[in-house]
Every structure is written in C-alpha cells, then in structure tokens.
Amino acid sequence: MSTAENSSFWDSNTSDSTPAQRLAGIGFAILSPSALSAEIGAPIEACAPLFALWEDLPADPYLLDGGHYRRRRHGSFMLEHADDPTSAHLRSVPQRPHWQPKTYNALHGGLFRHFAPLSTELSAAPAFVQLLQGLGRLFASLRSTHTWFIEAHQFRIDTHEGIGRPTPEGAHRDGVDFIAVLMIARHQIIGGETRVFEAEGMRGVRFTLEEPCSALLMDDTRVIHESTPIQPADKPDAGWRDTLVLTFRAGGFLEPGS
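In the working numbering, the protein residues as written are 3 to 260.
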C-alpha cells in the first residue's frame with residue numbers, strides 16, 4: 003500500500019491502536035491482509051480461490067455518465083446476533099434492488115437499480131461468511147444493534163474505454179453506518195487512489211490499496227470517500243480493478259422513506 007499524508011490524521015491511523023480504536027478515534031482504519039485475517043478469524047488463504055468469481059460479472063446497465071467500464075453483482079444479508087455478537091447468524095435476503103437517495107449519490111440516486119445476484123459459490127463460501135460475521139462483531143462493538151442489514155457489491159472497473167471510474171459520483175457517503183472496501187486485484191493499471199476526508203472538518207488522507215485482501219473500514223457517518231479514475235498501464239483491454247464493497251446499516255436497508 004502506498005500512501006501520502008495531509009496531516010497528523012494519517013499518523014493516528016498508523017499507530018499501534020486496534021481497528022476498533024482507529025474507527026472510534028478518526029472514523030476509518032486501513033488493514034493489511036494479515037490484520038484483516040486476525041480481525042475476522044479466518045485464514046487469508048481461504049479467500050484466494052474466490053478471486054476467480056470476479057471474472058463473471060455482468061455489465062452495470064445504469065451508468066449515467068455514458069461509460070461502459072463497470073461490471074458488478076449485488077447481494078443483501080441480515081446479520082442477527084441478539085445479545086451475543088459472537089454467535090451471529092447470517093442469512094441471505096431474497097434479491098432486492100439497490101437504492102440510494104440523491105443526497106448521497108447525486109449521479110445515480112433515486113433509482114431502483116436491479117443487479118445480478120452474487121453467486122452461491124461466493125455467498126455460501128465459509129471465508130465470505132466469516133468476513134461478514136467478523137466485521138459485524140467489530141462494528142457492533144462501536145454501535146450497538148441486534149441486526150446489521152448488509153449489502154455486498156462485487157465490482158470490476160476496467161480500462162477498455164481508456165479510463166474507468168470507481169466512484170463516478172465523486173466524493174460521497176453511502177447513507178449507512180459502516181463500510182468495508184476490500185481490494186481483490188489490480189491488474190496493469192495506474193491510478194485508483196483512495197481518498198478519505200472528514201465529513202465535518204478539513205483533514206484527509208490519500209493512499210492506494212494494492213495487496214489482495216487489504217481493506218479500508220469506514221464509519222460512514224463521519225467520513226466521505228472516493229477513488230480516483232484508473233488508466234491502463236499498457237494495453238487498454240488488459241487493465242482492471244476488482245473490489246468487494248460491504249455496507250452495514252442498523253435499522254433496515256436503505257430505502258425510500260428510511
């Protein structure tokens with residue numbers, strides 16, 4: 003992971019504090035693959051066989067900037083842990099559209115977007131289940147809830163048109179409680195720098211997630227984020243950036259009137 007700092011905001015994230023302490027203190031935490039593995043209690047090697055599933059993502063038909071650079075799948079889950087977060091029960095929710103208000107997504111807000119579902123191979127994989135359960139425990143230690151409403155997004159941003167935009171809506175919040183962005187793969191690209199800023203303040207950082215299974219965790223109520231466009235490092239058709247984005251929300255899925 004390469005980094006560039008803009009104040010002591012970055013220094014506080016590289017201290018010896020735990021991910022929960024960094025989330026509580028500054029609203030975000032960056033985890034190496036080994037740190038993520040320790041947090042969720044699953045060997046990071048178990049994730050590698052799932053990476054091939056990013057080769058089978060349908061095109062995103064909703065891009066309103068005229069591009070054709072994004073492919074994705076989407077799934078929804080409920081993580082219920084009653085009074086004991088260590089015994090959380092994860093269950094899949096029947097396929098439902100993804101929706102955001104324009105206040106959070108000026109480009110695609112207000113649309114019911116129906117995406118292809120996650121494959122059963124991914125959603126039932128022990129490593130995926132442990133990932134959601136582990137992150138749910140972590141987030142519940144910071145914000146008490148009996149149920150997390152989780153949306154999972156598989157993304158591939160490619161460079162076949164010369165440029166791909168991971169966040170065409172620009173710097174934004176998602177309207178949830180917590181967000182996890184996992185790097186799956188970067189292949190023959192330049193760019194794709196991630197930027198995190200205080201929602202109420204002047205401080206921010208920029209860095210590039212590079213290692214597979216490194217992760218950015220964010221308190222969506224406190225920070226805004228974006229990723230810069232990617233360009234091909236060599237041939238346009240050979241470049242892509244794969245990520246898994248997970249959002250955790252208490253009180254229900256984000257829907258009109260919520």
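We put the beta carbon where it would ideally sit given N, CA and C, even for glycine.
Per DSSP, S229 lies in no alpha helix (DSSP H) segment; the continuous beta strand (DSSP E) that holds it begins and ends at V225 to S229.
Residue pairing from DSSP places I191 in a beta bridge opposite P234.
Straight-line spacing of the CA atoms in P238 and E163 works out to 7 Å. Each residue's CA atom was taken as its position, placing S146 and E228 some 27 Å apart. Counting only runs that start and end inside the region 119-189, the beta strand (DSSP E) elements of at least 3 residues fall at 149-160 and 180-189. Around the beta carbon of A90, 16 or more other beta carbons sit within 10 angstroms, so the residue counts as buried. A direct Cα-Cα distance of roughly 10 Å separates P119 from P99. The alpha-carbon of G111 is positioned some 15 Å away from that of F255.
Among the bridge pairs identified by DSSP, W242 is matched with D160 and H189. Collapsing the DSSP output to three states places G77 in a strand. Nearest to M80 by C-alpha distance, out of P51, L134 and H189, is L134. With distances taken between CA atoms, T169 lies nearest to L109 out of P60, R251, L109 and E200. Selection F250, D244, T249 and S260 evaluated against R74 yields D244 as nearest (Cα-Cα). Look at E57 here: in three-state DSSP terms it is helix. When C-alpha distances from V178 are compared across G253, S36, L140 and A22, the shortest belongs to G253.
Nearest Cα to C215 within the set H83, F130 and T105: F130. The continuous alpha helix (DSSP H) containing E41 extends over residues P35 to I42.
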